[in-house]
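Engineer: Chains as they are written, first to last, in this note's numbering: chain A, 1122 to 1231; chain B, 332 to 445.
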C-alpha cells in the first residue's frame, strides 16, 4: 500500500505557482520523498526528491516540513504542459520498486 | 537521467497470440529493470523485477508463465505476454534504476488484445 496521501485533483491558473501537498505521516528516518509526474499516455517522469532539506531543481521545488510528515511540490510558474498526474512516493534510497498511489491530477487552466 | 526506450509503442493483436515488448536502457547499464502495468484511470502496479542473468521476481498475483521476462543483457529486458486475452489489454511500462536510486521510466507500450 502507498504510504502517502494526496488530494485527488487540483486546478491551477497558467503562470501561477502550483503547490501540490503530500502527507506521509508514517515516514521512516531513512525514507526519501520522491515526486514523479505522468502526462497522459506517457511513462512517469522524475521531478525531484529529498530527505529532509528543501530541494530545488530546474523543474520544481520540494519543501519538506521539519517533522517530515508532509511535503509540498511547487511548480513556480505552471504551464499548460504541466497538466499531469503527480505522484508523491516515499521509499528508502536503496529500496527496490516504487509504490504508486493514485496521485494528484493537476489541471493547469488557461 | 537514464534514457529508457520501449518497443513497440503500441500493439494490437488477436486473442491467443503472444506479444513481446522490449525495454532498453540506452545510456545506463541496468542489472535490474522493473515492469509495471497500468489499467485505464488507475495507477501503476508493479508486475515483476527483472534481474540480469537470473530469473525475474514476480509480484503476487502475476502469472510467471503468462508474463515471461528475459533480461539477457545490461541494456535489454523483454516482457512476453503469452496467449494474450482481452483482459491483458493495458499500458505496460518499464523502468531502470538511476543515480540516487531514482528510477527512470520508459514511454510505455499500449497493448490492445482483440
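Glycine included, C-beta positions come from ideal geometry on N, C-alpha and C.
List, in chain order, every chain B residue whose beta-carbon is nearer than 8 angstroms to that of residue 1155 of chain A.
Structural biologist: 433
Engineer: In chain order, which continuous runs of the beta strand (DSSP E) of length 3 or greater are located wholly inside the region 1142-1177 of chain A?
Structural biologist: Runs of the beta strand (DSSP E) inside the region 1142-1177 of chain A: 1152-1159, 1166-1171.
Engineer: Taking the continuous beta strand (DSSP E) assigned at residue 353 of chain B, which residues delimit it?
Structural biologist: 350-356
Engineer: Cutting at 6 angstroms between CB atoms, please list the residues of its own chain near residue 422 of chain B, excluding the five before and the five after it.
Structural biologist: Around residue 422 of chain B, the same chain offers 369, 439, 441 as residues with beta carbons nearer than 6 angstroms, after the five sequence neighbours per side are excluded.
Engineer: Applying the 10 Å Cβ sphere with the 16-neighbour rule, what's the burial state of residue 366 of chain B?
Structural biologist: With 16 or more other Cβ atoms within 10 Å, it is buried.
Engineer: Run the CB neighbour count on residue 379 of chain B, radius 10 Å, all protein chains shown included, and call it buried at 16 or more, exposed below.
Structural biologist: buried
Engineer: Alpha carbons only, please: which of B/394, B/335, B/419 is nearest the one belonging to residue 364 of chain B?
Structural biologist: B/335
Engineer: How about residue 1143 of chain A and residue 1227 of chain A: do their beta carbons lie closer than 8 angstroms?
Structural biologist: no
Engineer: In chain B, which residues lie less than 8 angstroms from residue 1163 of chain A when you measure between Cβ atoms?
Structural biologist: 438, 439
Engineer: Taking the alpha carbon of residue 1153 of chain A as the reference point, which residue from A/1204, A/1192, A/1163 has its own alpha carbon closest?
Structural biologist: The closest CA to that of residue 1153 of chain A, considering only A/1204, A/1192, A/1163, is found on A/1192.
Engineer: Please confirm if residue 408 of chain B has its CB atom under 8 angstroms from at least one CB of chain A.
Structural biologist: With 8 angstroms as the cut-off, residue 408 of chain B does not count as an interface residue toward chain A.
Engineer: Return the chain-ordered list of same chain residues with a C-beta closer than 8 angstroms to the C-beta of residue 341 of chain B, the five sequence neighbours on each side being excluded.
Structural biologist: 440, 441, 442, 443
Engineer: Can a CB atom of chain B be found closer than 8 angstroms to the CB of residue 1207 of chain A?
Structural biologist: no
Engineer: Going by beta-carbon coordinates alone, are residue 456 of chain B and residue 359 of chain B separated by less than 8 angstroms?
Structural biologist: Absent from the structure is residue 456 of chain B, since the part of chain B shown begins at 332 and ends at 445.
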